[in-house]
Structures are given as C-alpha cells and as structure tokens.
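Peer 1:
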Amino acid sequence: MPDAQGKVRYAVVGGGWISQGAFMPGVGQTSNSVMTALVTGDPQKADGLAAKYGLKSYRYEAFDQLLASGEIDAVYIATPNFRHREFAEPALLAGIHVLLEKPMATSEADCLAINAAARKSGAKLMIAYRLHFEPGTVELTDRARRGEIGDLRLFSSVYTQVTHPSNHRMQSGYWAGPVVDLGPYPLNAVRNLFASEPVEVHAVAVQTPGRPINTPDTVNVTLRFTEERMATFTVSYSLPASEGFQLFGTQGEIQVSPSFGLGEGVAIAYKVIIDGETETRQHPVVDQFGGETEYFSDCILKNRLPSADGEEGWRDVRVLAAIERALESGEVQRLEPLPARPSVKHDQARSLTLAKVPEFVNTEVPNG
Ligand SMILES: NC(=O)c1ccc[n+]([C@@H]2O[C@H](COP(=O)([O-])OP(=O)(O)OC[C@H]3O[C@@H](n4cnc5c(N)ncnc54)[C@H](OP(=O)(O)O)[C@@H]3O)[C@@H](O)[C@H]2O)c1
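Using the numbering used here, read the sequence shown as starting at 653 and increasing by one per residue.
#1: According to DSSP, which residues form a beta bridge with His749?
#2: So, with DSSP's three-state summary, where would you put Leu994?
#3: Report, in whole angstroms, the separation of the C-beta atoms of Asn733 and Val810, which I expect to be a contact under 8 Å.
#4: Let me check one thing: in DSSP terms, what residues is Gly942 bridge-paired to?
#5: Within its chain, find whatever has a CB closer than 6 Å to the CB of Thr874; leave out the 5 residues flanking it on each side and keep chain order.
#6: Leu744 and Ser721: beta carbons closer than 8 Å?
#7: Would you list the one or two residues that DSSP bridges to Asn872?
#8: Along the chain, where does the beta strand (DSSP E) that runs through Arg661 open and close?
#9: What do you reckon, are the CB atoms on Ser685 and Val660 nearer than 8 Å?
#10: Going by CA-CA distance only, name the one from Gly667, Pro868, Arg863, Gln907 that's closest to Val856.
#11: For the 8 Å Cβ check, are there 3 or more pairs between the segment 936-944 and the segment 778-793?
#12: Would you decide whether Thr902 is buried or exposed? Buried here means 16 or more other CB atoms lie within 10 Å of its CB.
#13: How big is the Cα-Cα spacing for Pro861 and Ala893?
#14: Less than 8 Å between C-beta atoms, sequence neighbours within five positions excluded: which residues of the same chain meet that for Val814?
#15: Arg939 and Ala1007: beta carbons closer than 8 Å?
#16: Given 7 Å as the limit, tell me if Trp966 has its C-beta closer than that to any heavy atom belonging to ligand 1.
#17: Could you tell me the distance, in whole angstroms, from the CA atom of Thr789 to the CA atom of Val937?
#18: In the structure shown, what three-state DSSP assignment does Lys1008 receive?
#19: Name, in chain order, the residues that DSSP records as bridge partners for Pro850.
#20: Ligand 1 and Lys776: does any heavy atom of the ligand fall closer than 7 Å to the residue's C-beta?
#21: Who are the Cβ neighbours of Ala974 in its own chain at under 7 Å, not counting the five residues just before and after it?
#22: Run the Cβ filter for me: residues under 6 Å from any heavy atom of ligand 1, listed in the order they occur in the chain.
#23: Could you give the residue range of the beta strand (DSSP E) that holds Ser671?
#24: On a Cα-Cα basis, can you pick out the residue from Glu800, Asp803, Phe897 that is closest to Tyr837?
#25: Contact defined as beta carbons within less than 8 Å: I believe Leu806 pairs with Met882. What is the distance between those atoms, to the nearest angstrom?
#26: What three-state label does DSSP hand Glu741 in the structure shown?
#27: Ordered along the chain, which non-local residues of its own chain (more than five positions away) have a Cβ less than 8 Å from that of Tyr705?
#28: Among residues of its own chain, excluding the 5 on either side of Glu963, which ones have a beta-carbon nearer than 8 Å to its beta-carbon?
#29: Short check: CB of Val887 to CB of Pro830, under 8 Å?
#30: Take Arg977 and list the residues in its own chain whose beta-carbon comes closer than 7 Å to its own, dropping the five residues that flank it on each side.
#31: Using C-beta distances below 6 Å, list every residue in its chain close to Glu931, excluding the 5 sequence neighbours before and after it, in chain order.
#32: Indicate the three-state DSSP secondary structure (helix, strand or coil) for Pro910 in the structure shown.
#33: Using the beta-carbon count (16 or more within 10 Å), is Val750 buried or exposed?
#34: Once DSSP output is grouped into helix, strand and coil, what is the label at Glu791?
#35: Have a look at the DSSP bridge pairing and note the partners of Gly896.
#36: Compute the distance between the beta-carbons of Phe948 and Met778, then report whether it is under 8 Å.
Set out below in structure tokens:
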C-alpha cells in the first residue's frame, strides 16, 4: 500500500556511493516515490544520512523487522554484489517490491532463486538498468532496431576508469571487479540492440603491474551472437575514464559517447553516419535514477510488469559467468541460444531534471 499521497515507500539498503550520489537525491525528483527507511551498518549514516532525509534507520540484522514493519512498499538494494540475494530474496518473499542494482547477483543460481521468490509472492522485481529509461538511449536503440543503419553486424565498446585501491571492488575477486561492474553496460546494450543473445564467449585478461587488485583489471571480451553477429568490449579499472560504443550495420554506423555514465554534465550523445553524412544527436542531462524509480513505482502502482525484470538480469549474469569460465580455462565457452526479448519501449523514457547531490556521509567515490 502506498503512503497517504499515493507514493511508493522505499527503504534504501546500503548507504554507499550510488545510493547517496544518485538514488537518494533522484527519488526527490519523482512524482510517485518517497523514501521512509535506510538499512545501514554504519552508525554515522544511521544518524547523519537518515536524519538528512527524515528516514528511520535499521541495521542489517534487523532487515526482517523492517520487512514486517508496514513502513515500506519497496526496497532499493545497493550493497556490494555478493550481498544482493541476501536482501532481495527475503524482501520478495515478504511481498516487498525490489529495485535491485546490477549485476543482479554473483551467480546464476542466485538469480534463479531471486526470480523464484518474485514468482512465489507476486512482488515486483526490477534490475536497475537506468539506461532503459534514458531518452537518448531509448531513441538510438529504437532507431537501430528499426533498421536505420541496415542489418546490425558489429558492436565495439570501451569502458574504463581508475578505481581506488581501497574500494571493495578491488579486493573481492571477479564478482566485484571490472567485468561484472562495468561489463553489464556494454553487454546489456548490445543484447538489446541486436535483440539476440551471445552463443559463444571468448575473453582475454591482463593485470597491470603495480595495481593492487585480486582479479584481472583489464579484460577484453568477444561475443559471437546468433546470425553471425559479433560484439567486443574492453573494461578496465586501471585506465583513465573513457566510455563509448560503435554499432555497425550493413548501411551505416552509430557512434555513442558518452554512452553509459550519469550525473552532472553527462548528456548521452550519438552520431548516425550513413553514406558519409553525419547526424549528431545530444540529449539533455536527465536524472537517470529519478527516471528509473518513477518507472518502477508506476509499475507497482498500476500493477504492470517492469521490462527490466529478473529474466533480463539473469541473462546478463549468465554471460558474466561464461566470461569467468573463459578466463579461468582459456577456452571458448558456448551458451544455449535463447528466444529474443521484447525491446525497450518509447514510453519507458523519462526526462526528470537532475537533482543536486548533497555532501556524502562517510563514503568514498570508487573512481574519485
Ligand atoms: N546503476 C548504476 O549506475 C550503479 C553505479 C554504481 C554502482 N552500482 C551498483 O550498486 C551497488 C553498490 O555500489 P556502490 O558504488 O554504491 O558501492 P559502495 O559505495 O561501496 O557502497 C556499498 C554500500 O553497501 C553497504 N555494505 C554492506 N555490506 C558491505 C560490505 N561487506 N562491504 C562494503 N559495503 C557493504 C555499505 O553501506 P552502509 O555503510 O550503509 O552499510 C556500503 O557503503 C553495486 O551492486 C554496484 O554494482 C550501480
């Protein structure tokens, strides 16, 4: 049941960088969502951060109490990846809707368990693929899928940043590292652009000397899709920030940069190049987190299934797991073909004004 104004009441689970820097300010931009609780292990956040937004705070150990409190309709889960299932599954089983950060979980088994919990209770589950609601991304995906540059054949992307050695991403192995943190952006983009799934996975990794990370820090992935389409992407935690992709069709090319980022100054922009003619499109900066939250709350209030569902989350994790096996074995991994998924739809785009981000409480920016 929403609050007295008809707004969906959220608890934030994990008060880290993305919660403080994007979700919490973004909720204030929506017309249909409100925060009522914070789940944190940090007493400073329990005081400072909860007070700033007028939230009741809970410790992780009291999560079940929160679920039974009647104070929330939904949770936004932004813990490190290895703790996603720990909070998503009980929330869904308790009938609480879940907006879950990417990657959905750190194994396919965890994804399937989360999906089973959603099916059992009927509570809604959405994976936080914020770009599915960003107007520029929705527009270019639609144009590419309608065939403006011909039959789509090749996708090529680079996404890099220098991640701080003290961040948990640097210390917790493959399922916290660059492939599963940055990789979902190009991977999810190309799966949606091609409207098909990879059937073959190749991966090569290097470890930059002197970088204190316990998994490869720079990884190149090549995917063969059905109908002889190909995608490559390179992700790194040890190279200056860069992001973008090129999509080649039989009649032309789409170049996108910035393509995956968010926040102040990040306006998703792209060029369509056909027969030497270039059309440039730049979309205004929007509050991507406000947009995705507004969309998810709409789904809850109108009882619609979100498009970025647990199946979408599992399909990405299935590929991430194959990349891990390819890196460990040095061998090509084959994946079962799967039926196409519906496209991101026009009416999913949301254009909310970007919120101002308040000062962080006890949190470091991973690539700051
Ligand atoms: N969609 C996006 O654009 C986007 C961007 C960045 C990250 N993400 C995803 O969001 C999630 C969180 O990323 P983040 O950048 O916000 O990370 P972060 O800054 O490290 O924050 C994670 C928070 O989780 C809590 N936590 C609980 N158990 C923890 C543990 N064992 N170790 C460390 N922290 C723990 C902490 O909050 P308390 O101190 O409050 O307990 C911590 O501040 C990840 O799944 C990531 O992939 C998504």
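Positions of the beta carbon are idealized from the N, C-alpha and C atoms, including for glycine.
Peer 2: Inspection of the coordinates gives the following:
#1: On the sequence shown, position 97 is the one that residue 749 refers to. According to DSSP, which records beta bridges pairwise, His749 is partnered with Ala726.
#2: Along the sequence shown, one-based indexing puts residue 994 at 342. Note that residue 994 is Pro in the sequence shown here, rather than Leu. Pro994: coil per DSSP, three-state reduction.
#3: The residue you call residue 733 lines up with position 81 of the sequence shown. The residue you call residue 810 lines up with position 158 of the sequence shown. Actually they do not touch by this definition, with Cβ atoms about 22 Å apart.
#4: Sequence index remark: in the sequence shown, residue 942 carries index 290 (1-based). None, per the DSSP bridge assignment.
#5: Here residue 874 is taken as the residue at index 222 of the sequence shown, counted from 1. Same-chain partners within the cutoff: His854, Thr884.
#6: Here residue 744 refers to the residue found at position 92 when the sequence shown is read from its first residue. Here residue 721 refers to the residue found at position 69 when the sequence shown is read from its first residue. Their beta carbons are not under 8 Å apart, which means Leu744 does not touch Ser721 by this criterion.
#7: On the sequence shown, position 220 is the one that residue 872 refers to. DSSP, once it has assigned bridges, lists Val856, Thr886 as partnering Asn872.
#8: The residue labelled residue 661 in the question sits at position 9 within the sequence shown. Element bounds for Arg661: 660-665.
#9: Taking the first residue of the sequence shown as position 1, residue 685 is located at position 33. Taking the first residue of the sequence shown as position 1, residue 660 is located at position 8. In this structure, Val660 lies closer than 8 Å to Ser685 by Cβ.
#10: Position 204 of the sequence shown, counted from the start, is the residue given in the question as residue 856. Comparing Cα-Cα distances from Val856 to each of Gly667, Pro868, Arg863, Gln907, the minimum goes to Pro868.
#11: yes
#12: In the sequence shown, the residue the question calls residue 902 occupies position 250. Thr902 comes out exposed.
#13: Within the sequence shown, residue 861 is the residue found at index 209, counting from 1. Within the sequence shown, residue 893 is the residue found at index 241, counting from 1. The alpha-carbon atoms of Pro861 and Ala893 are separated by roughly 19 Å.
#14: Residue 814 sits at position 162 when you count from the first residue of the sequence shown. These residues qualify, in order along the chain: Tyr889, Ser890, Leu891, Pro892, Ala893, Asn1019.
#15: Taking the sequence shown and counting its residues from 1, the one referred to as residue 939 is at position 287. Taking the sequence shown and counting its residues from 1, the one referred to as residue 1007 is at position 355. Before going further, note that residue 939 is Asp rather than Arg in the sequence given. Contact flag set, yes.
#16: Mapped onto the sequence shown, residue 966 falls at position 314. Trp966: no, Cβ never under 7 Å from ligand 1.
#17: Counted from its first residue, the sequence shown places residue 789 at position 137. Counted from its first residue, the sequence shown places residue 937 at position 285. Cα to Cα, Thr789 sits roughly 12 Å from Val937.
#18: In the sequence shown, the residue the question calls residue 1008 occupies position 356. The answer is coil: DSSP assigns Lys1008 none of H, G, I, E or B.
#19: In the sequence shown, residue 850 corresponds to position 198, counting from 1. According to DSSP, Pro850 bridges with Phe877.
#20: Looking up residue 776 in the sequence shown gives position 124. No, since every heavy atom of ligand 1 falls outside the 7 Å radius drawn around the Cβ of Lys776.
#21: One-based indexing of the sequence shown puts residue 974 at position 322. Cβ within range, chain order: Val853, Gln985, Leu987.
#22: Gly666, Gly667, Gly668, Trp669, Ile670, Ser671, Thr692, Gly693, Asp694, Lys697, Ala730, Thr731, Pro732, Asn733, Arg735, Glu753, Lys754, Ala780, Arg782, His820, Asp833, Leu914, Thr1015, Pro1018
#23: Taking the sequence shown and counting its residues from 1, one reaches residue 671 at position 19. That residue, Ser671, is in no beta strand (DSSP E); it is neither H nor E in DSSP.
#24: Residue 837 sits at position 185 when you count from the first residue of the sequence shown. The option with the nearest alpha carbon to Tyr837 is Phe897.
#25: Translated into the one-based positions of the sequence shown, residue 806 becomes position 154. Translated into the one-based positions of the sequence shown, residue 882 becomes position 230. So it is a contact: roughly 5 Å between Cβ atoms.
#26: Counting from one through the sequence shown, the residue named residue 741 turns up at place 89. Note: Glu741 maps to helix in three-state DSSP.
#27: Counting from one through the sequence shown, the residue named residue 705 turns up at place 53. Answer for Tyr705: Met676, Met687, Leu690, listed in chain order.
#28: Walking along the sequence shown from the start, residue 963 turns up at place 311. Asn767, Arg993, listed in sequence order.
#29: Here the question's residue 887 lines up with position 235 in the sequence shown. Here the question's residue 830 lines up with position 178 in the sequence shown. A contact, by the Cβ cut-off of 8 Å.
#30: As a working note, residue 977 is residue 325 in the sequence shown. Only Gln985 meet the Cβ criterion.
#31: As a position in the sequence shown, residue 931 is number 279, starting the count at 1. Correct list, in chain order: Val924.
#32: The count along the sequence shown starts at 1 and reaches residue 910 at position 258. Coil.
#33: The residue given as residue 750 occupies position 98 in the sequence shown. Label assigned to Val750: buried.
#34: For the purposes of this step, residue 791 is identified with residue 139 of the sequence shown, where counting begins at 1. Of the three classes helix, strand and coil, the one that applies to Glu791 here is helix, per DSSP.
#35: To locate residue 896, count along the sequence shown from 1; it is residue 244. Gly896 pairs with Val810.
#36: As a working mapping, residue 948 is identified with position 296 in the sequence shown. As a working mapping, residue 778 is identified with position 126 in the sequence shown. Result yes, Cβ atoms of Phe948 and Met778 sit closer than 8 Å.
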